[in-house]
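**Student:** Quick one: the structure is below, and I'll ask about it shortly.
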Amino acid sequence: MQKNALHILLADDDEDDRLFFKDAFEEIKIQTNVNFVHDGMQLMDHLMNPDNKLPDILFLDLNMPKKTGKECLIEIKKTDHLKDIIIAIYSTSSSEEDIEDTFIQGANIYIKKPSDFNTLKKIINEVVTVNWHYHTSGLNRDNFLLRLK
Amino acid sequence: MKWIPNFNSSNSLRVIFVIAVFILLFLSSIAYKHNQDLNESSKLVMHTYEINIQLERLMSAIKDAETGQRGYIITRNARFLTPYIYSRDKVNTSFINLKKLTADNPQQQKNLHRLFKLITQRFVSFENCLKYSDPKTYDKRKLDNHMFGGRILMENIRFKVDEMNDIEKEFLKKRLKIYDSEISLSPLFSISLFLVALSFILLAYRQISRDFERLKVFNKKLLISSGLISESENIGKFSTWQWDLDSDKIDFSDNQFQLLGLEPRSFAPNKATLIKYVHPDDKEAVAKAIDGILDKKHLPFVYYKIIRPDFEVRYFKTTGKLVTDQQGSKILLGINFDITDEHLLNIELQERNKELEKSNKELASFNHVASHDLQEPLRKIQTFISRVSDADKEVMSESGKNYITKIESSAKRMRVLIDDLLLFSRTNTTKKEFIKVNLNELLNNAESELAEIIEEKKAIISAPKLPKLSVIPYQIEQLFINLIGNSLKYSQPGLRPEISISSEKVSASDYPEILEQSVKKFHKITFSDNGMGFDPQFKETIFILFQRLHSKTDYPGTGIGLAICKKIVENHKGHITADSILGKGSVFTVFLPD
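Chains A and B, in that order, are what the protein sequence lines are. Just so you know, we're using this note's numbering here: the first sequence kicks off at 58 and counts up by one. Just so you know, we're using this note's numbering here: the second sequence kicks off at 1491 and counts up by one.
Put into C-alpha cells, the structure is as follows:
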C-alpha cells in the first residue's frame, strides 16, 4: 500500500462488475488502492468503522440489496465526517429520475455503466484524474452525467 | 315569481265600480225626491181644489138660501124656505172644512174670519128681509134696504171668496214653482249621468272580460308549463318539492312519488316522510341537512341513498333553497335527482381507472425491468466480448472469431432495441411538463446531438426562425433528432443531404380532417429532404411501431423512431404526416397547437 495512493471504494453487489472494475484499475496504471463492498449495509458499516480509512472517491451502485445506493447517498450526506467524500454514481440505469434524484442528493457525478471494457477504463481514468476541488465548485446539472468526448 | 301575470287593472276596476255605484245612488235619490215633490204638489193641487170646492159650496148654499128666501117672499109658500133652513147647516159644514183646510195659512184664516162675518151679516140680512116681507110686519122701505144691503153683502162675499181662491191659486203657483226649481236637474242631465254610469259599468265589464281572457291564456300556459315540468322531471329523472314553513305543508311533485317507487299522490307528505324512505345509513345526514337549510337558506348538494318499497336502493342528490313568496311566507324549494345511473357509471369508471392505474404501474415496472434487469446481462455480454483481446482471437478458429463478431453485432442490436423501446415507453409514462420554449433552441440541441453524422455526411440543414411554444422540451428535441436523423440515415448515396425546415402559422379550419378543431391556430413545421424517399403508399404505415421499409442489413434500425415521433406529437395534441416521391425526397409535416 502506497501512502499517496488514491483510496477508491466500489459498492456493487454484482461480482462481474467488481471484477471489471478491479481489472480496469489494474490496467490504468494510476496508484490506487481499490476496496469493495457488496451491499449498502456493508458500505455504511465500512464507512462508519473508524479503523477504515475513508475513500477519496466512492463509486456507488444504485440497485443494491439490503440498502439501496440512494439510501446510502442520503445517509452519507447527512453524516458530518462523510459528507465530503466524492461520490460517483455507478449504475446501469440511465433514467432521468435516477439522475435527477442523485444530483439533488448531492452526488458529484453520474456514470452509466458502459458495455465496453475500454470505455470503462477511459471513464475511470477521467473520474480519477479530475481535480475534484475545482470540479465541485463548478458542479451543475448539465455536466453531472459523465459523457466521454 | 315573474311568471305570475300582473292584474293591475283590478284597482282601476274598483274605482270605476265605486263611481258608477255613486252615480246610480245619486240618480235614485233624485228620482225619490222628485217623486216626493210630485206627491206634495198633487196634494197641494188637491188642497187648493178642495178649498175652491168648499168655497163654491159655501157660495151655492148662500145662493140656495137667497133663492129659497125670494121664492118664499114671492109665494109665501113655506116649502121654499127649506133650502134656506138647510143652507145654514151647509154653510157651517163648509166653514168647518175650510177652517181645517186653511189651518196652516194665517192669511186665509183671517180672510175666512172676514168671510164668516160677511156671511153672518148676510144671514142677519136674510132674517131682516123675511121679517119685513112678512105681511104682519111688512115695511117696504126697510125690506128694500135690506134686500139691497143683502145684494151688496152678496157681492162682498163673492169678492171675498174670489180673493181667497186667488190666494190659494197664487200659493199653489208659488209652491209648484218652488218644486219645479227644486227638481232643477234636467232630464237630459239625468240621462247623461245614467249613460256615464252605464258606460262605466260597461268599461268595467270589458276590463273584467279582458282580464278573464288573459287569465284563461295564462292558465293555459301554466297548464302547459306544469305539464312540461312534470314531463321533463320524468325524462331528467328529477323531482321537486315545496315546503311551506309557515303552514308546515309539504308538496311533492308527481315524479317525487315515482322516484320513490310509489304512485303519485299516494300519501300526504310531511316532515317525517321527507326522510322516511332515506336509507338508514344516510338518515342522520339528510335530517341534519334539512335542519341546516333553515339557517343557511341554501342547501348544498346532499348525496344519499333511498330504499323503495320493493327494497331497491337508489342514489339521490338533493339541493334546495329558501325563498320568500309574494305573500311573505317562507317556502323551501327542493330538487331531487335520481343519480343512480351516473353513480353506477361512476363506480364502473373508478374501477376502470383503477385498472388503468394498475396497468400503468405495470408498464412502469416493465420500464424498470427493461432499464435494469434486461440491460444488465446484455451489458455483461458486451463487456465480456470486449474483454476478448486480439491476442485471444489470434488463437481462435476462423469460425470462432466469426461467432464472436456475430454475438457482438446481435448484442449491439439488442441494445439499440432496448434503448428505443425504453424511449418509446418513456414518451408515454414520464410526466408531461409543458414549458414555453424557443423551438430553435431545441433544434440546436438536436443538431449538436447529431453533430457527428451531420459532419460525416456534410449535411446542410436550413431552418428559419421557429416559434416559441409551450411544449415538453426533451420530447420535441427527440422529435427533431428522430426526423433529422431519419433524413440523414436515408439520404441518397453520393448526394449531399439537404434538409430544409420551414414554419408557418395555419388555421385549424384549413385542415378539418386531421386537426383538433377546438384549437384555432396551429404551427405547421415542415421537414423536407432530398433523400431517397419512400413509396407514398406507406405514408401511414411508417408511423406504426416496428414497421420497417428497409431490411436491417441495409439500414439498421428498430422501426421505433417514427412511432416515437407520432407519440410525441400526439402528446402535444398535434398531428404528423409524411409524404414522399420515391427517389426525390420526403416531407414530414408536424402540426403543433399554438
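Every residue, glycine too, gets a C-beta built ideally from N, C-alpha and C.
1) Kindly identify the DSSP beta-bridge partner or partners of residue 1990 of chain B.
2) Report, in whole angstroms, the separation of the C-beta atoms of residue 81 of chain A and residue 181 of chain A, which I expect to be a contact under 8 Å.
3) For residue 1773 of chain B, name the three-state secondary structure that DSSP assigns.
4) Just grab the DSSP bridge partners of residue 2075 of chain B for me.
5) With DSSP as the reference, label residue 1581 of chain B as helix, strand or coil.
6) Run the CB neighbour count on residue 1955 of chain B, radius 10 Å, all protein chains shown included, and call it buried at 16 or more, exposed below.
7) Are residue 123 of chain A and residue 96 of chain A touching if we call contact CB-CB under 9 Å?
8) Looking at residue 1556 of chain B and residue 1639 of chain B, is the spacing between their C-beta atoms short of 9 Å?
9) Within its chain, find whatever has a CB closer than 6 Å to the CB of residue 1814 of chain B; leave out the 5 residues flanking it on each side and keep chain order.
10) In this structure, how does DSSP classify residue 159 of chain A when only helix, strand and coil are distinguished?
11) Span of the beta strand (DSSP E) holding residue 130 of chain A?
12) Given a threshold of 16 other Cβ atoms within 10 Å of its Cβ, counted over all protein chains shown, does residue 2033 of chain B qualify as buried or as exposed?
13) Which chain A residues sit within Cβ distance under 8 Å of residue 1905 of chain B?
14) Can you list, in chain order, the residues of its chain whose CB lies under 6 Å from that of residue 1651 of chain B, leaving out five sequence neighbours each side?
15) Here's the rule: buried if 16 or more other CB atoms are within 10 angstroms of the residue's CB, otherwise exposed. What is residue 1818 of chain B?
16) Listing by chain order, which chain B residues have their CB less than 8 Å from the CB of residue 70 of chain A?
17) Going by the beta-carbon positions, is the gap between residue 2039 of chain B and residue 2025 of chain B smaller than 9 Å?
18) According to the Cβ coordinates, are residue 2066 of chain B and residue 2056 of chain B closer than 9 Å?
19) Is it a yes or a no for the region 1882-1890 of chain B touching the region 1914-1930 of chain B, going by three-plus beta-carbon pairs under 8 Å?
20) On the criterion of 16 or more Cβ atoms from any shown chain inside 10 Å, does residue 1842 of chain B qualify as buried, or is it exposed?
21) Exposed or buried, which one is residue 1526 of chain B when buried takes at least 16 other CB atoms within 10 Å?
22) Leaving out five residues on either side along the sequence, give the residues of the same chain with a beta carbon under 8 Å from the beta carbon of residue 1552 of chain B.
23) Taking only beta-carbon positions, decide if residue 1934 of chain B is within less than 9 Å of chain A.
24) Taking DSSP as the reference, what is the three-state secondary structure of residue 2093 of chain B?
25) Spatial neighbours of residue 170 of chain A within its chain, please: CB distance less than 6 Å, with the 5 preceding and 5 following residues excluded, ordered by chain position.
26) Compare the Cα-Cα distances from residue 2080 of chain B to each of B:1975, B:1969, B:2046 and report the closest residue.
27) Give the range of the beta strand (DSSP E) segment to which residue 64 of chain A is assigned.
28) Going by beta carbon distance, what residues of the same chain come within less than 8 Å of residue 1975 of chain B, once the five residues before and after it are set aside?
29) Just checking: is the beta-carbon of residue 149 of chain A within a distance shorter than 9 Å of some beta-carbon in chain B?
30) Give a yes or no on whether 9 Å exceeds the smallest Cβ distance from residue 130 of chain A to chain B.
31) So is residue 1623 of chain B buried or exposed if we call it buried at 16+ other beta carbons inside 10 Å?
32) Does DSSP put residue 2086 of chain B in a helix, a strand or coil?
33) Taking only runs that begin and end inside the region 1815-1883 of chain B, name each unbroken beta strand (DSSP E) of 3 or more residues, in chain order.
34) Sort out for me which residues DSSP pairs residue 1804 of chain B with in a bridge.
35) What residues in the region 173-184 of chain A bring their beta carbon closer than 9 Å to a beta carbon of chain D?
36) If you follow the alpha helix (DSSP H) that residue 81 of chain A is part of, which residue opens it and which one closes it?
**Tutor:** Looking at the coordinates:
1) Start at 1 with the first residue of the second sequence, and residue 1990 of chain B comes out as number 500. As DSSP reads the structure, residue 1990 of chain B sits in a beta bridge with B:1952, B:2018.
2) In the first sequence, residue 81 of chain A corresponds to position 24, counting from 1. In the first sequence, residue 181 of chain A corresponds to position 124, counting from 1. About 5 Å separates the two Cβ atoms, so the contact holds.
3) Sequence index remark: in the second sequence, residue 1773 of chain B carries index 283 (1-based). Note: residue 1773 of chain B maps to helix in three-state DSSP.
4) Within the second sequence, the letter at position 585 stands for residue 2075 of chain B. Residue 2075 of chain B pairs with B:2071.
5) Indexing the second sequence from 1 puts residue 1581 of chain B at position 91. Here residue 1581 of chain B sits in helix by DSSP.
6) Indexing the second sequence from 1 puts residue 1955 of chain B at position 465. Flag for residue 1955 of chain B reads exposed.
7) The residue labelled residue 123 of chain A in the question sits at position 66 within the first sequence. The residue labelled residue 96 of chain A in the question sits at position 39 within the first sequence. Cβ distance < 9 Å, so residue 123 of chain A and residue 96 of chain A count as in contact.
8) In the second sequence, counting from the first residue as 1, residue 1639 of chain B sits at position 149. In the second sequence, counting from the first residue as 1, residue 1556 of chain B sits at position 66. Contact annotation: residue 1639 of chain B and residue 1556 of chain B have beta-carbon atoms that are not nearer than 9 Å.
9) Your numbering for residue 1814 of chain B matches position 324 in the second sequence. Answer for residue 1814 of chain B: 1820, listed in chain order.
10) Residue numbering aside, residue 159 of chain A sits at position 102 when the first sequence is read from its first letter. Residue 159 of chain A: helix per DSSP, three-state reduction.
11) In the first sequence, residue 130 of chain A corresponds to position 73, counting from 1. Premise fails: residue 130 of chain A lies in the alpha helix (DSSP H), 126-135, not in any beta strand (DSSP E).
12) Counting from 1 along the second sequence, the entry for residue 2033 of chain B is found at position 543. Buried, by the Cβ-count rule.
13) Numbered from 1 along the second sequence, position 415 holds the residue referred to as residue 1905 of chain B. Those within 8 Å of residue 1905 of chain B in chain A are 172.
14) Counting from one through the second sequence, the residue named residue 1651 of chain B turns up at place 161. Answer for residue 1651 of chain B: 1545, 1549, listed in chain order.
15) Numbered from 1 along the second sequence, position 328 holds the residue referred to as residue 1818 of chain B. Residue 1818 of chain B is exposed by the Cβ-count criterion.
16) Taking the first residue of the first sequence as position 1, residue 70 of chain A is located at position 13. The premise fails here: residue 70 of chain A is roughly 11 Å from chain B at the closest Cβ pair, so nothing lies under 8 Å.
17) Here residue 2039 of chain B is taken as the residue at index 549 of the second sequence, counted from 1. Here residue 2025 of chain B is taken as the residue at index 535 of the second sequence, counted from 1. Taking 9 Å as the Cβ cut-off, residue 2039 of chain B and residue 2025 of chain B qualify as a contacting pair.
18) Counted from its first residue, the second sequence places residue 2066 of chain B at position 576. Counted from its first residue, the second sequence places residue 2056 of chain B at position 566. Cβ distance < 9 Å, so residue 2066 of chain B and residue 2056 of chain B count as in contact.
19) no
20) Locating residue 1842 of chain B in the second sequence gives position 352, where the first residue counts as 1. With fewer than 16 Cβ atoms within 10 Å of its Cβ, residue 1842 of chain B is classed as exposed.
21) Along the second sequence, read from residue 1 onward, the residue named residue 1526 of chain B stands at position 36. Its Cβ having fewer than 16 others within 10 Å, residue 1526 of chain B is exposed.
22) If you number the second sequence from 1, residue 1552 of chain B lands on position 62. Cβ neighbours of residue 1552 of chain B beyond the five flanking positions: 1577, 1581, 1609, 1612, 1644, 1647.
23) Your numbering for residue 1934 of chain B matches position 444 in the second sequence. Residue 1934 of chain B does not count as touching chain A.
24) Outside the shown range of chain B (1491 to 2084) lies residue 2093 of chain B, about which nothing can therefore be said.
25) Locating residue 170 of chain A in the first sequence gives position 113, where the first residue counts as 1. For residue 170 of chain A, where only same-chain residues beyond five positions count, the Cβ hits under 6 Å are 149.
26) Looking up residue 2080 of chain B in the second sequence gives position 590. Checking every option, the nearest Cα to that of residue 2080 of chain B belongs to B:1969.
27) Locating residue 64 of chain A in the first sequence gives position 7, counting from the first residue. Per DSSP, residue 64 of chain A belongs to the beta strand (DSSP E) from 63-68.
28) Position 485 of the second sequence, counting from 1, holds the residue named residue 1975 of chain B. Correct list, in chain order: 1940, 1943, 2051.
29) Position 92 of the first sequence holds residue 149 of chain A. Residue contact check for residue 149 of chain A against chain B: a CB pair falls below 9 Å.
30) For the purposes of this step, residue 130 of chain A is taken as the residue at position 73 of the first sequence. For residue 130 of chain A, the answer is no, since every Cβ of chain B falls outside 9 Å of its Cβ.
31) Stepping through the second sequence from its first residue, residue 1623 of chain B is reached at position 133. That one is buried.
32) Here chain B covers residues 1491 to 2084 and nothing more, so residue 2086 of chain B does not appear.
33) Listed in chain order, the complete beta strand (DSSP E) runs (minimum 3 residues) inside the region 1815-1883 of chain B are 1820-1828.
34) On the second sequence, residue 1804 of chain B is found 314 positions in, with the first residue counted as 1. Beta-bridge pairing links residue 1804 of chain B to B:1796.
35) In summary, chain D is missing from the structure at hand, where the protein chains are A and B.
36) Sequence index remark: in the first sequence, residue 81 of chain A carries index 24 (1-based). Per DSSP, the unbroken alpha helix (DSSP H) holding residue 81 of chain A starts and ends at 72-84.
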